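A.B. asks: Protein chains in written order, with this note's numbering: chain A, 1 to 240; chain B, 1001 to 1287. Even glycine gets a Cβ: it sits at the ideal position worked out from N, Cα and C. Since we're looking at a predicted model, the values are computed, not measured.
1. For the ligand GTP, I want to know if residue 143 of chain A counts as a neighbour, meaning its beta carbon is within less than 7 Å of at least one of the ligand's heavy atoms.
2. Please confirm whether residue 1172 of chain B has its beta-carbon closer than 8 Å to some beta-carbon of chain A.
3. Quick one, which residues of the stretch 1220-1243 of chain B are near chain A if we go by CB-CB under 8 Å, in chain order?
4. Between residue 136 of chain A and chain B, is there a C-beta pair that is closer than 8 Å?
5. Can you tell me whether DSSP reads residue 1149 of chain B as helix, strand or coil?
6. Which of the three DSSP states is assigned to residue 172 of chain A in this structure?
7. Using CA atoms only, rank isn't needed, just tell me which of A:41, A:22 and A:29 is closest to residue 236 of chain A.
8. Counting C-beta neighbours from all protein chains within 10 Å, is the total for residue 47 of chain A 16 or more, i.e. buried, or is it exposed?
9. Taking the beta carbon of residue 9 of chain A as the centre, do at least 16 other beta carbons fall within 10 Å, making it buried, or is it exposed?
10. Within 10 Å of its beta-carbon, does residue 197 of chain A have 16 or more other beta-carbons around it, so buried, or fewer, so exposed?
11. What residues in the stretch 58-78 of chain A bring their beta carbon closer than 7 Å to a beta carbon of chain B?
12. To be precise: take each residue of the stretch 1027-1050 of chain B, compare its Cβ to all Cβ atoms of chain A, and keep it if any distance is under 9 Å. Which residues remain?
13. Check the Cβ-Cβ distances between residue 1183 of chain B and every residue of chain A, and say whether any is below 8 Å.
14. What separation, rounded to the nearest whole angstrom, lies between the Cα atoms of residue 108 of chain A and residue 1114 of chain B?
15. Just the chain B side, please: which residues come within less than 7 Å of residue 81 of chain A by C-beta, in chain order?
16. Using the rule of at least 16 other Cβ atoms within 10 Å of the residue's Cβ for burial, across every protein chain shown, is residue 1006 of chain B buried or exposed?
17. For residue 144 of chain A and residue 152 of chain A, I'd like the C-alpha separation in whole angstroms.
18. Spatial neighbours of residue 137 of chain A within its chain, please: C-beta separation below 8 Å, excluding the five flanking residues on both sides.
19. Please specify which runs of the beta strand (DSSP E), each continuous and at least 3 residues long, are wholly inside the stretch 1027-1073 of chain B, giving them in chain order.
20. If we count the other Cβ atoms within 10 Å of its Cβ and call it buried at 16 or more, is residue 97 of chain A buried or exposed?
21. Strictly by DSSP, which residues pair up with residue 79 of chain A?
22. Roughly how many angstroms separate the alpha carbons of residue 1018 of chain B and residue 1031 of chain B, rounded to a whole number?
23. What residues in its chain sit with their C-beta under 7 Å from that of residue 1059 of chain B, if we drop five residues either side in the sequence?
24. Within 8 Å (strictly less), CB to CB, does residue 55 of chain A reach chain C?
25. Given a cut-off of 8 Å on the beta-carbon distance, is the pair residue 1227 of chain B and residue 1241 of chain B in contact?
26. Quick one: which residues of the stretch 1147-1170 of chain B get their C-beta closer than 7 Å to a C-beta of chain A? List them in chain order.
27. Of the residues B:1038, B:1009 and B:1024, which one's Cα is nearest the Cα of residue 1196 of chain B?
28. Is the distance from the Cβ of residue 131 of chain A to the Cβ of residue 118 of chain A below 8 Å?
29. For residue 79 of chain A, count neighbouring Cβ atoms within 10 angstroms of its own Cβ and tell me buried if that reaches 16, exposed if not.
30. Near residue 1127 of chain B, what residues of its chain come up, given a Cβ to Cβ distance below 8 Å and the 5 sequence neighbours on each side ignored?
31. Look at residue 61 of chain A and residue 20 of chain A and say whether their C-beta atoms are less than 8 Å apart.
32. Starting from the beta carbon of residue 91 of chain A, find every residue of chain B whose beta carbon is closer than 8 Å, and list them in chain order.
33. Cβ of residue 28 of chain A within 8 Å of Cβ of residue 13 of chain A?
34. Is the CB of residue 52 of chain A under 8 Å away from at least one CB in chain B?
35. Counting along the chain, where does the alpha helix (DSSP H) carrying residue 1180 of chain B start and finish?
36. For residue 1190 of chain B, which three-state DSSP category applies?
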């Protein structure tokens, strides 16, 4: 974690789950301004549950959680969900998808169209992820990589304090994975964007992330990337 | 056909109210039905009109046996409206609560509600001393006999529905399309779900009373299904489905009037024909 500033997200002894039953327990983690944090672990270990808690979709069953800016304002999350979770039956264009990121700012414009400035910002967000040409294309007709870029553009449109990505490279070949990681590295470095990525892939992350949280069998361990991605630690998580 | 359209659209046409009611239902129902189709809750769209019918049948039966829930000066239509609204609201609450508990199959629960509602509508009608055929014709939706008061009520309620759908479209789309994203952008997303279910209930409880469950379901779903393969965005889907619904209502009325057929089933058959043509044309274009 970047030690110069107060963490944007802090969890102390948190537990998250469904119907009162904890799926992940004793979560202690901190994400600071400008961090690139990874939440890693095998499938079914509780990563998505932790992510939903972090986003505020699930309330902690126990423990304390703080999610705020240095000035105390609640955090704005730019959320990139798993693209397979979005139903292709919806005929949503890339432009409409990106504009969804402006809905919080437009909450009092009931019935009125979004201002021209929001449309211009959406074009700019699509351009930042190299998807400007896809504006009028339907989300359901895009390739996996194109979908991921549009979802990142939508998340950027929220003007986030933290960009949160859920399994962004899942189902990609190696080249597409590298392409996406380069895009995230670029945004992280050039814009000092705080990024939190959930993944079950950990190859290629060593040079990208600075903190890692392992989630396996409901247990959570956090630490610096160089320690947590050491071969012995990976062995311990996957072959206990 | 043009001559028939001119005749049925004339203000002094004997069935002018019926034409207007068909048009209102045709234009508005697809805007609400879009959410049934895109949330993959079409089965709910079949079940709720049937539940509403059961409420109407119960209300007619109570009215016929002298039990007046709205006082002694209540009208048959007023009782029907209360029955329809109460039954629809109860079904929505029951289905929402059971979905929240997350046990069993959603389709199974909706199917069970549909079966029970269909049975209750028949049973209440069978016990009605004022005559089965009279009640059955009312349940079918007498589009050919729409009173001025019914048309005013339908127009007013559906205008409110359109205002709410247009006004809250961003929130309704977000909670329906991407719930987790909605939770990060909107405070209390469940309130918008509640509004959507309220709109379902309002549209169905009034619509069933005027045009009947079959026609209402047809207008909720068929125009949306016909336009969806061609839609290049949500706005084009909403406008396209609404315009197609209105056009189907008008053309269906003209055909029914010209060849002496019941209006509701003619509308639904025409809506299905348009859906089939649209699907086939889309497949040919893709080849």
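C.D. replies: This is what the structure gives:
1. Questions concerning the ligand GTP fall outside what the structure shown contains, since it holds no ligand whatsoever.
2. If you number the second chain from 1, residue 1172 of chain B lands on position 172. It does not; no Cβ of chain A falls within 8 Å.
3. 1228, 1231, 1232, 1233, 1234, 1235, 1236 and 1237
4. For the purposes of this step, residue 136 of chain A is taken as residue 136 along the first chain, with counting starting at 1. It does: the Cβ of residue 136 of chain A has a partner Cβ on chain B nearer than 8 Å.
5. What you label residue 1149 of chain B is simply residue 149 of the second chain in a count that begins at 1. Here residue 1149 of chain B sits in helix by DSSP.
6. Taking the first chain and counting its residues from 1, one reaches residue 172 of chain A at position 172. Here residue 172 of chain A sits in coil by DSSP.
7. Here residue 236 of chain A refers to the residue found at position 236 when the first chain is read from its first residue. Checking every option, the nearest Cα to that of residue 236 of chain A belongs to A:41.
8. Residue numbering aside, residue 47 of chain A sits at position 47 when the first chain is read from its first letter. Label assigned to residue 47 of chain A: buried.
9. In the first chain, residue 9 of chain A corresponds to position 9, counting from 1. With 16 or more Cβ atoms within 10 Å of its Cβ, residue 9 of chain A is classed as buried.
10. Your numbering for residue 197 of chain A matches position 197 in the first chain. Label assigned to residue 197 of chain A: buried.
11. Listed by position along the chain: 77.
12. Answer set for the stretch 1027-1050 of chain B: 1037, 1038, 1039 and 1040.
13. By one-based count along the second chain, residue 1183 of chain B stands at place 183. Yes, residue 1183 of chain B lies at the interface with chain A (some Cβ there is under 8 Å from its Cβ).
14. Here residue 108 of chain A is taken as the residue at index 108 of the first chain, counted from 1. Here residue 1114 of chain B is taken as the residue at index 114 of the second chain, counted from 1. For residue 108 of chain A and residue 1114 of chain B, the distance between alpha carbons rounds to 38 Å.
15. Here residue 81 of chain A is taken as the residue at index 81 of the first chain, counted from 1. Ordered by position in chain B, the residues that pass the 7 Å Cβ test against residue 81 of chain A are 1178, 1180 and 1181.
16. As a working mapping, residue 1006 of chain B is identified with position 6 in the second chain. It counts as exposed.
17. Within the first chain, the letter at position 144 stands for residue 144 of chain A. Within the first chain, the letter at position 152 stands for residue 152 of chain A. For residue 144 of chain A and residue 152 of chain A, the distance between alpha carbons rounds to 12 Å.
18. For the purposes of this step, residue 137 of chain A is taken as residue 137 along the first chain, with counting starting at 1. Cβ within range, chain order: 93, 94 and 146.
19. none
20. For the purposes of this step, residue 97 of chain A is taken as residue 97 along the first chain, with counting starting at 1. Classification of residue 97 of chain A: buried, given that the 10 Å Cβ count is 16 or more.
21. Sequence index remark: in the first chain, residue 79 of chain A carries index 79 (1-based). Among the bridge pairs identified by DSSP, residue 79 of chain A is matched with A:164.
22. Taking the first residue of the second chain as position 1, residue 1018 of chain B is located at position 18. Taking the first residue of the second chain as position 1, residue 1031 of chain B is located at position 31. Their backbone Cα atoms lie some 21 Å apart in a straight line.
23. Reading the second chain from its first residue, position 59 is the one you call residue 1059 of chain B. Hits under 7 Å: 1079, 1080, 1082 and 1083.
24. Protein chains A and B are contained in the structure displayed, whereas chain C is not.
25. Locating residue 1227 of chain B in the second chain gives position 227, counting from the first residue. Locating residue 1241 of chain B in the second chain gives position 241, counting from the first residue. It is a contact, given that the beta carbons lie within the stated cut-off.
26. 1166, 1167, 1168 and 1170
27. What you label residue 1196 of chain B is simply residue 196 of the second chain in a count that begins at 1. Residue B:1038 is the option with its Cα nearest to residue 1196 of chain B.
28. The residue you call residue 131 of chain A lines up with position 131 of the first chain. The residue you call residue 118 of chain A lines up with position 118 of the first chain. Going by C-beta atoms, residue 131 of chain A is not nearer than 8 Å to residue 118 of chain A.
29. Locating residue 79 of chain A in the first chain gives position 79, counting from the first residue. Buried is the call here.
30. Locating residue 1127 of chain B in the second chain gives position 127, where the first residue counts as 1. Here the set comprises 1061.
31. As a first step, residue 61 of chain A is located in the first chain; it is residue number 61 there, counting from the start. As a first step, residue 20 of chain A is located in the first chain; it is residue number 20 there, counting from the start. Yes, the pair counts as a contact, with Cβ atoms nearer than the cut-off.
32. Mapped onto the first chain, residue 91 of chain A falls at position 91. Those within 8 Å of residue 91 of chain A in chain B are 1228, 1231, 1232, 1233, 1234, 1236 and 1237.
33. Position 28 of the first chain holds residue 28 of chain A. Position 13 of the first chain holds residue 13 of chain A. Yes, they are a contact pair.
34. Taking the first residue of the first chain as 1, we reach residue 52 of chain A at position 52. It does: the Cβ of residue 52 of chain A has a partner Cβ on chain B nearer than 8 Å.
35. Taking the first residue of the second chain as 1, we reach residue 1180 of chain B at position 180. Counting along the chain, the alpha helix (DSSP H) containing residue 1180 of chain B begins and ends at 1179-1185.
36. As a working note, residue 1190 of chain B is residue 190 in the second chain. In this structure, residue 1190 of chain B counts as helix in the three-state DSSP scheme.
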